[in-house]
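**Student:** Going by our numbering, the sequence shown wraps up at 415, each residue one higher than the last. Beta carbons: idealized from backbone N, C-alpha and C, even for Gly.
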Amino acid sequence: MKRTLTLVLALCAAPCLAQQHFLTLPYGSGEVVLTSGWFYDDGTLHRGIDYAFPPAEPFEVRATAEGYVVAVYDELSDFGEFVVQVHNEVGPLCGRRISLYAHLERGTTTVPFKNLSEVRNDITSEDFADWQTVSQGDLIGVAGRTGLAREGRIHLHYEVNCGGYAENKSDPYDIYDTSVHYPEPCGSEHLWTECPPVQPPNTSFPTGCGASPGGIITCILVENEPGEVGKDIWVTSTYAYDGVDFTPGGGLNDHELRTGGFSDWYYALLQFNTEGLPRAKQAWVAVFFVRSPGSFNQLLYLDRPLEDWDWRVSGTGRDRERLWWVDRPDVQVGSRLPDRPLLNEWFLVDITALYNDWVGGAYPNYGIQLRPHGNGNQWAIFASSNNADESLRPRLIVVPE
Numbered sequence: 015m016k017r018t019l020t021l022v023l024a025l026c027a028a029p030c031l032a033q034q035h036f037l038t039l040p041y042g043s044g045e046v047v048l049t050s051g052w053f054y055d056d057g058t059l060h061r062g063i064d065y066a067f068p069p070a071e072p073f074e075v076r077a078t079a080e081g082y083v084v085a086v087y088d089e090l091s092d093f094g095e096f097v098v099q100v101h102n103e104v105g106p107l108c109g110r111r112i113s114l115y116a117h118l119e120r121g122t123t124t125v126p127f128k129n130l131s132e133v134r135n136d137i138t139s140e141d142f143a144d145w146q147t148v149s150q151g152d153l154i155g156v157a158g159r160t161g162l163a164r165e166g167r168i169h170l171h172y173e174v175n176c177g178g179y180a181e182n183k184s185d186p187y188d189i190y191d192t193s194v195h196y197p198e199p200c201g202s203e204h205l206w207t208e209c210p211p212v213q214p215p216n217t218s219f220p221t222g223c224g225a226s227p228g229g230i231i232t233c234i235l236v237e238n239e240p241g242e243v244g245k246d247i248w249v250t251s252t253y254a255y256d257g258v259d260f261t262p263g264g265g266l267n268d269h270e271l272r273t274g275g276f277s278d279w280y281y282a283l284l285q286f287n288t289e290g291l292p293r294a295k296q297a298w299v300a301v302f303f304v305r306s307p308g309s310f311n312q313l314l315y316l317d318r319p320l321e322d323w324d325w326r327v328s329g330t331g332r333d334r335e336r337l338w339w340v341d342r343p344d345v346q347v348g349s350r351l352p353d354r355p356l357l358n359e360w361f362l363v364d365i366t367a368l369y370n371d372w373v374g375g376a377y378p379n380y381g382i383q384l385r386p387h388g389n390g391n392q393w394a395i396f397a398s399s400n401n402a403d404e405s406l407r408p409r410l411i412v413v414p415e
C-alpha cells in the first residue's frame, strides 16, 4: 500500500459554509481499500486519494454528497472518463466544493456528458440547469482504468477541488477534520469521521502529532506555554501594532503569519516541537496562503534562527504581547525557495536537512524564519496556529527514513 498523509451532513438549498460530516466515502462496498493517499511513497504530491477493490475488481462509485453532476470523457487525458460534481457547500475563501471521480469504466457513468470547456464555463457562471442532480450515495459509475490510471490497475481517483475545476485541491481527510490520521476504510454505512480511530504507532509524539497507517507523521502547530517549544508569530520593521505609539516595529500574535511589506518588512517565524520524532527521508513545513492585500507575486527565503525568540518570556519592547523587531533572532541566512506561494493553497517548505539536524542534535531547534524577497506591496499571508479553522493551521510533515 502507498504511504498516506494525514494531513458536512448539512443539506442546503443554496451554497452554504461547509460543516463537519459533509461527505461519505465514494463507494458502496466494504471491501474497497485506500491504496494511495495525498503523498506517494517517494514523497511527491498525489493531490488526491485512490481506492481499489483487491485484487483488481471493478466497484460501484457513489456520490459523496448531494449536488450537480456531469461526466467528461477524453481518451488523451489523465482522468479518462470522469465525473465532476459541484456541491452546495462552500469552502473557506475559495467558493463551492467540487468533487472529481476519475478513471471510471467507459460507458458506466449514469449522468449526462459534456466537454471539459463547457464544464469549466458552467462552474464559472454557476449555470447547472442541464447538469443532473444526485443525492448522497447515488450510483454515478463504476471504477475502471481509463486515462492514465497508475500501473494500469482498476481504481478510483477521488479528489476535492474548491472554486473551480482542478483548483485549490485539498486532502479530503484534512478538510473534513477527521484528525491527523487516515481512518481504515470501514464500509459504506460510515462517515469518514465515524470510522474506528487509528492509533498512532508511537504514542510519545508531541501534542498535535500523529501517524497515518502508512507511517507519515503530521504535526499541527500548537502554541505551547511560555518558555516551551512550539510557537509562531509575525514581526515587522516599522509599525508597533500595540495601540500605544506608531513605532517601533512590533507585530501581533494573531491568526495570521504575515510576510512581505510595502516599503517596510514583515517576517514570519515558526517552531514545531520535534522531541521524540524520527529522522526523515523527507520533511516539510506546510503553511496555507489565506490572503494578500497587494500583489501575490512574492518569493521567500528560508532562514535558520540561531537563538530562541519567545517574546512571552524575554525582550526589550514595551510589552510581552508581541515579538518586537529589535528582539527578532539572529539567523543563518538561507537560500531563496524555488516556488512561489499560491493564494488559497498549501505552500510546502522542504526542511529535510534542517529537520534531521534538529532531531540528530547537530543544531538546537529554534524553528524557521520565512523572509520575503520583496517589499513593494508584495505579500504572502498565511494562517497561523491561532487561526479559527484548525484545518488551515501550519503543519510539519515527516516521511520517516
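Given 8 Å as the limit, tell me if Ser-50 has its C-beta closer than that to any heavy atom belonging to the ligand GDP.
**Tutor:** Inclusion of the ligand GDP in the displayed structure is not the case, the ligand content being empty and no account of it being possible.
**Student:** Please list, in chain order, all residues of the same chain as Arg-326 whose beta carbon is under 7 Å from its beta carbon, the five residues on each side excluded.
**Tutor:** The beta carbon of Arg-326 sits closer than 7 Å to those of Pro-240 and Arg-334, all from its chain and outside the five residues before and after it, given in chain order.
**Student:** Which class does Gly-81 belong to by DSSP, given the choice of helix, strand or coil?
**Tutor:** strand
**Student:** Are there 16 or more other CB atoms within 10 angstroms of the CB of Val-174, so buried, or fewer, so exposed?
**Tutor:** buried
**Student:** Based on the DSSP output, what are the partners of Leu-316 in its beta bridges?
**Tutor:** Leu-384
**Student:** Which stretch, first to last residue, makes up the alpha helix (DSSP H) that contains Ser-139?
**Tutor:** 130–139
**Student:** Going by beta carbon distance, what residues of the same chain come within less than 6 Å of Gly-94, once the five residues before and after it are set aside?
**Tutor:** His-117, Thr-160 and Gly-161
**Student:** Quick check on Asp-341: does DSSP put it in helix, strand or coil?
**Tutor:** helix
**Student:** Apply the 10 Å Cβ neighbour rule to Val-347 and answer buried if 16 or more other Cβ atoms are within range, or exposed otherwise.
**Tutor:** exposed
**Student:** State buried or exposed for Thr-330, treating a residue as buried only when at least 16 other CB atoms are found within 10 Å of its CB.
**Tutor:** exposed
**Student:** Write down the C-beta distance between Arg-336 and Ile-395 rounded to the nearest angstrom, noting that I regard them as a contact closer than 8 Å.
**Tutor:** Actually they do not touch by this definition, with Cβ atoms about 17 Å apart.
**Student:** Since Thr-366 sits in a beta bridge, which residues does DSSP pair it with?
**Tutor:** Answer is none; Thr-366 lacks a bridge partner.
**Student:** Taking a contact to mean a Cβ-Cβ separation below 9 Å, would you say Arg-409 touches Cys-176 in this structure?
**Tutor:** no
**Student:** According to DSSP, Gln-150 sits in a beta bridge with which residue or residues?
**Tutor:** According to DSSP, Gln-150 bridges with nothing at all.
**Student:** Would you mind stating whether Leu-153 and Leu-271 have Cβ atoms separated by less than 9 Å?
**Tutor:** Taking 9 Å as the Cβ cut-off, Leu-153 and Leu-271 do not qualify as a contacting pair.
**Student:** Please go through the segment 252–286 and give each complete alpha helix (DSSP H) segment of 4 or more residues, from N-terminal end onward.
**Tutor:** none
**Student:** Per DSSP, what kind of secondary structure is Ser-218 in: helix, strand or coil?
**Tutor:** coil
**Student:** Return the Cβ separation of Leu-351 and Tyr-315 in integer angstroms, given the expectation that the two are a contact with Cβ distance under 8 Å.
**Tutor:** Confirmed, about 7 Å.
**Student:** Could you give the distance in angstroms between the alpha-carbon of Gly-375 and the alpha-carbon of Gly-222?
**Tutor:** 22 Å
**Student:** Out of Phe-142, Ala-254, Tyr-369 and Val-46, which has the shortest C-alpha to C-alpha gap to Asn-267?
**Tutor:** Ala-254
**Student:** Quick check on the burial criterion: 16 or more other C-beta atoms within 10 angstroms. Buried or exposed for Glu-404?
**Tutor:** exposed
**Student:** For the beta strand (DSSP E) containing Leu-118, name the first residue and the last one.
**Tutor:** 109–118
**Student:** For Lys-295, collect the residues of the same chain with a Cβ closer than 6 Å to its Cβ; drop the 5 residues on either side in sequence, then sort them by chain order.
**Tutor:** Val-413 and Glu-415
**Student:** Considering just the uninterrupted stretch of the beta strand (DSSP E) at Thr-412, what are its terminal residues?
**Tutor:** Strictly speaking, residue 412 in this sequence is Val, with Thr absent from that position. First-last of the beta strand (DSSP E) with Val-412: 409–414.
**Student:** Pair every Cβ in the segment 74–82 with every Cβ in the segment 140–159, then say whether three or more of these pairs are closer than 8 Å.
**Tutor:** yes
**Student:** Relative to the C-alpha of His-269, which candidate in Phe-73, Gly-178, Gln-392 and Ala-282 has its C-alpha closest?
**Tutor:** The shortest C-alpha separation from His-269 is found at Ala-282.
**Student:** What residues are listed by DSSP as bridge partners for Leu-48?
**Tutor:** Listed as beta-bridge partners of Leu-48 by DSSP are Tyr-65.
**Student:** Taking its Cβ as the centre, do 16 or more other Cβ atoms sit within 10 Å of Phe-127, making it buried, or is it exposed?
**Tutor:** With fewer than 16 other Cβ atoms within 10 Å, it is exposed.
**Student:** Measure from the alpha carbon of Pro-292 to the alpha carbon of each residue in Pro-220, Ala-397 and Trp-145, then state which is nearest.
**Tutor:** Pro-220
**Student:** I'd like to confirm the pairing. Which residues does DSSP put opposite Glu-237 in its beta bridges?
**Tutor:** In the DSSP output, where bridge partners are listed per residue, Glu-237 has none listed.
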